[in-house]
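So the sequence shown is numbered by the numbering used here: it starts at 883 and just counts up by one. Glycine included, each C-beta is placed from N, C-alpha and C at the ideal position.
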Amino acid sequence: MSLFGLIAHVLGWVAFALAGWKGGQTERLGAAVLVCDYLLTIGVARLPIAAPHRAAMLAPLLTALALIWMSFRLDRWWLLVAAAAVCLCGLVTLLEILRPDVSLYAALSAQLGLWAVTYLALIAGVAERWLAAERPASRWWKFPLPSRSAS
883 MSLFGLIAHV LGWVAFALAG WKGGQTERLG AAVLVCDYLL TIGVARLPIA
933 APHRAAMLAP LLTALALIWM SFRLDRWWLL VAAAAVCLCG LVTLLEILRP
983 DVSLYAALSA QLGLWAVTYL ALIAGVAERW LAAERPASRW WKFPLPSRSA
1033 S
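This is the structure in structure tokens:
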């Protein structure tokens, strides 16, 4: 894996962790959609078929539809940025299929850059919520402690 790929993956997991820690319901739902896409893409890309990276683009298609639906239903700007970046990932795959002179490495690098934009949009959505002093959706990472009675 290249350094650029490693940075994109680390950025993705940082975005998922921040959305789960400080994000609201919209950010957590978006992170859940992106985690499902991440895991589904890894699973499909490892299938023993001729062009697994092309088959793996079905997962971002579903992700793009989910993000577009969320952007119309929920009032967050970062969803539009993320949906646009994921749609452009699909167009990069289409370009690679239609133009054989575009190398696989160029297409994958473009897709990694667009996924980095998606993850940065999620981080910016969490940061916007934090800067507006909105509370996270819940405190699911802390377990309630039993109350001590004064006896």
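query                                                                                                                                                                  : result
Report the residue ranges of all alpha helix (DSSP H) runs contained in full by the stretch 941-1007; include only those spanning at least 4 residues, in chain order. : 960-980
Rounded to whole angstroms, how far is the Cβ of P982 from the Cβ of G906, which I believe are closer than 8 Å?                                                        : Actually they do not touch by this definition, with Cβ atoms about 45 Å apart.
Give the secondary structure of A927 by DSSP, where H, G and I count as helix, E and B as strand, and everything else as coil.                                         : helix
Tell me which residues share the same chain as V915 and place their Cβ nearer than 7 Å to its Cβ, disregarding the 5 neighbours each side in the sequence.             : T945, A948, L949
Near A967, which residues of its chain fall below 6 Å by C-beta distance, leaving aside the five closest residues on each side in sequence?                            : L996, V999, T1000
Taking the alpha-carbon of L911 as reference, which of G1007, L1013, R928, E1016 has the nearest alpha-carbon?                                                         : G1007
Taking C-beta to C-beta, are M939 and C971 nearer than 9 Å?                                                                                                            : yes
Where does E1016 fall in DSSP's three states?                                                                                                                          : coil
So, are the CB atoms of L1002 and L900 less than 9 Å apart?                                                                                                            : no
Does the separation of the CB atoms of L977 and V984 fall below 9 Å?                                                                                                   : yes
So what's G906 in DSSP terms, helix, strand or just coil?                                                                                                              : coil
Quick one: residues in its chain with C-beta nearer than 6 Å to the C-beta of G925, no 5 flanking neighbours on either side, listed in chain order?                    : none
Using a threshold of 9 Å, state whether the C-beta atoms of L1004 and A913 are closer than that.                                                                       : yes
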